[in-house]
Amino acid sequence: MSEDNAAHREVVAERVEVQISDTHITSGGLLHDLVDSLDNLDRVLSAVEDAGAPPDLLLFTGDLADKGESEAYKRFRDLVEPYVERLSVPVMYVPGNHDMRAPFREHLLGWDAIDESVDQVVEVNGLRVISLDSTVPGSAHGDLRPAQLAWLAEQISDPAEHGTVLALHHPPIPGPSRFLNQLTLRQPQALAEVVRGSDVSMIVTGHAHHVSAGALGGVPVWVATATAYQMDVLASATHSMRGLIGSGFTRIDVFADTVVATLVPVIESQRYVYDVDFATIQRFLDHGATAEDVEAAFSQSPGVVPAEPTVHATASQSSAQSSAQSVAPSPSKV
Ligand SMILES: [Fe+2]
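Plus 161 on top of the position in the sequence shown (first one is 1) and you've got this note's numbering.
Written out as structure tokens, the structure reads:
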């Protein structure tokens with residue numbers, strides 16, 4: 162085995178977070194009369210559980226309920242809690258503009274049901290994760306009060322053993338969407354001044370319902386996709402706010418010297434292009450392989466596993482073509 166190949170074996174994340182955003186759970190029934198957002202969240206959590214390697218943290222970055230009703234938070238909690246118990250994983254809940262602070266605090270955090278901001282810090286195996294409540298009650302845009310920025314500065318004044326990941330709902334960077342750029346975090350430079358030169362290795366947000374990446378104050382920013390539905394990026398950049406059927410989540414791998422965020426789309430079909438086991442791949446890496454070996458391995462797919470004919474799949478397929486016309490939430494709905 163060459164030294165290069167040996168090095169490959171050492172590149173394994175020390176910590177893994179799963180970021181789930183914009184679940185938009187209703188108090189009952191379909192979201193926008195079309196999307197079973199509870200089922201979408203169930204599929205994401207099921208995928209995380211089926212992966213067989215529980216993450217170090219489940220991080221939910223806002224718009225957990227679509228209209229902030231108590232019943233929606235109860236439905237959310239009733240679905241999420243059994244997964245959390247089986248995975249034995251800590252959870253962090255961050256509010257978004259669709260959430261209502263009082264029921265959010267009461268039903269998800271067990272805190273007083275009052276209209277006060279939800280700012281938190283947890284440490285997960287040496288990794289510090291801080292969340293800021295960027296919501297402005299009654300508004301869709303985001304903002305951080307000076308007291309929150311001062312609290313953040315205090316929290317990160319001493320570096321954590323493995324650095325800090327900062328989570329908030331509203332992106333502190335612009336993106337392709339003309340309307341969304343009016344609803345991002347106001348005064349992002351104030352946040353930039355706090356995180357610049359600190360141990361914050363990544364800022365993760367939701368809100369956009371599409372993936373974007375940028376930077377603020379020299380810190381990478383990851384804008385996560387939504388589990389409820391996706392934003393049509395190109396339409397939103399030019400002429401319309403268009404929601405599309407689709408769901409996904411983010412895996413955050415924390416390595417010794419960097420943090421990497423990866424989009425994990427939730428694909429309903431289980432048709433594999435190929436599925437080659439790790440032992441075979443490792444044998445190729447360790448001992449080399451001929452073109453024929455590789456061709457044979459990647460041709461011996463275990464086969465095509467048809468997608469289960471669930472109600473969800475049927476609804477999604479039949480509505481996909483009409484979603485451009487029928488799913489067009491108002492600018493305040495993201
Ligand atoms: Fe949202």
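Here a beta-carbon is modelled for each residue, glycine too, at the ideal position from N, C-alpha and C.
Inset, instruction - Output the distance between the C-alpha atoms of T222 and Q443, rounded to the nearest integer angstrom. - result: Taking the first residue of the sequence shown as 1, we reach residue 222 at position 61. Taking the first residue of the sequence shown as 1, we reach residue 443 at position 282. C-alpha separation (whole angstroms): 36 Å.
Legend entry - Three-state class that DSSP yields for V355 in the structure shown: For the purposes of this step, residue 355 is taken as the residue at position 194 of the sequence shown. Looking at V355 - three-state DSSP - the assignment turns out to be helix.
Legend entry - is_contact[A457, chain B] using C-beta, thresh 8 Å: Among the chains of the structure shown, chain B does not appear; only one protein chain is present.
Inset, instruction - Using 10 angstroms around the beta-carbon of S300, count the other beta-carbons present and answer buried if the total reaches 16, otherwise exposed. - result: As a position in the sequence shown, residue 300 is number 139, starting the count at 1. Answer is exposed; the Cβ neighbour count stays below 16.
Inset, instruction - In the DSSP assignment, find the beta strand (DSSP E) that holds I442 and state where it starts and stops. - result: Residue 442 sits at position 281 when you count from the first residue of the sequence shown. In the DSSP assignment, I442 falls outside any beta strand (DSSP E) and lies within the alpha helix (DSSP H) extending over F439 to H448.
Legend entry - Spatially closest choice to T388 from T296, I406, L270 and P381, by CA coordinates: By one-based count along the sequence shown, residue 388 stands at place 227. The shortest C-alpha separation from T388 is found at I406.
Legend entry - Candidates S231, S249 and H259, of which the one nearest L270 by Cα: As a working note, residue 270 is residue 109 in the sequence shown. Residue nearest to L270 within the set S231, S249 and H259 is S231 (criterion: CA-CA distance).
Inset, instruction - Please classify E453: is it buried, with 16 or more other beta-carbons within 10 angstroms of its beta-carbon, or exposed? - result: Against the sequence shown, residue 453 aligns to sequence position 292. It is exposed - the Cβ of E453 has fewer than 16 other Cβ atoms within 10 Å.
Legend entry - C-alpha gap between V282 and V455, whole angstroms: For this step, residue 282 is matched to residue 121 along the sequence shown. For this step, residue 455 is matched to residue 294 along the sequence shown. Distance between the alpha carbons of V282 and V455: 47 Å.
Legend entry - CB contact flag (R247, E210, <8 Å): Stepping through the sequence shown from its first residue, residue 247 is reached at position 86. Stepping through the sequence shown from its first residue, residue 210 is reached at position 49. With contacts defined by Cβ atoms closer than 8 Å, R247 and E210 form a contacting pair.
Legend entry - N-terminal and C-terminal residue of the beta strand (DSSP E) that T325 is part of: Numbered from 1 along the sequence shown, position 164 holds the residue referred to as residue 325. Going by DSSP, T325 is part of the beta strand (DSSP E) stretching over T325 to A328.
Inset, instruction - Select from Q316, L206 and A440 the residue whose C-alpha is nearest the C-alpha of D239. - result: As a first step, residue 239 must be located in the sequence shown, where it is residue number 78. Comparing Cα-Cα distances from D239 to each of Q316, L206 and A440, the minimum goes to L206.
Legend entry - Neighbour-count burial assignment, T296, 16 or more Cβ in a 10 Å radius: On the sequence shown, position 135 is the one that residue 296 refers to. With at least 16 other beta carbons inside 10 angstroms of its own, T296 counts as buried.
Inset, instruction - Return the Cβ separation of V372 and P332 in integer angstroms, given the expectation that the two are a contact with Cβ distance under 8 Å. - result: For this step, residue 372 is matched to residue 211 along the sequence shown. For this step, residue 332 is matched to residue 171 along the sequence shown. About 11 Å; that fails the 8 Å criterion.
Inset, instruction - Put R247 into one of helix, strand or coil per three-state DSSP. - result: What you label residue 247 is simply residue 86 of the sequence shown in a count that begins at 1. Per DSSP, reduced to three states, the secondary structure at R247 is helical.
Inset, instruction - Say yes only if the C-beta of D319 is nearer than 7 Å to one or more non-hydrogen atoms of ligand 1, and no if none qualify. - result: Position 158 of the sequence shown, counted from the start, is the residue given in the question as residue 319. No - ligand 1 has no heavy atom lying nearer than 7 Å to the Cβ of D319.
Legend entry - For V326 and I364, the rounded distance between their alpha carbons: In the sequence shown, residue 364 corresponds to position 203, counting from 1. In the sequence shown, residue 326 corresponds to position 165, counting from 1. I364 and V326 have their C-alpha atoms roughly 6 Å apart.
Inset, instruction - In angstroms with no decimal places, state the Cα-to-Cα distance between T187 and V172. - result: Taking the first residue of the sequence shown as position 1, residue 187 is located at position 26. Taking the first residue of the sequence shown as position 1, residue 172 is located at position 11. Answer to the nearest angstrom: the Cα atoms are 41 Å apart.
Legend entry - Alpha-carbon spacing of I317 relative to L310, whole angstroms: Numbered from its first residue, the sequence shown carries residue 317 at position 156. Numbered from its first residue, the sequence shown carries residue 310 at position 149. Cα-Cα distance, rounded: 11 Å.
Inset, instruction - For A376, collect the residues of the same chain with a Cβ closer than 7 Å to its Cβ; drop the 5 residues on either side in sequence, then sort them by chain order. - result: The sequence position of residue 376 within the sequence shown is 215, counting from 1. Taking A376 as the centre and dropping the five residues before and after it, the same chain places the C-beta of V382 closer than 7 Å to its C-beta, in chain order.
Legend entry - beta strand (DSSP E) segments (min. 3 residues) lying fully within the stretch 259 to 287: As far as the stretch 259 to 287 is concerned, its whole beta strand (DSSP E) runs of at least 3 residues are 281 to 285.
Inset, instruction - May I have the straight-line CA-CA distance separating R339 from P216, to the nearest angstrom? - result: Position 178 of the sequence shown, counted from the first residue, corresponds to residue 339. Position 55 of the sequence shown, counted from the first residue, corresponds to residue 216. The straight-line gap from Cα to Cα measures roughly 35 Å.
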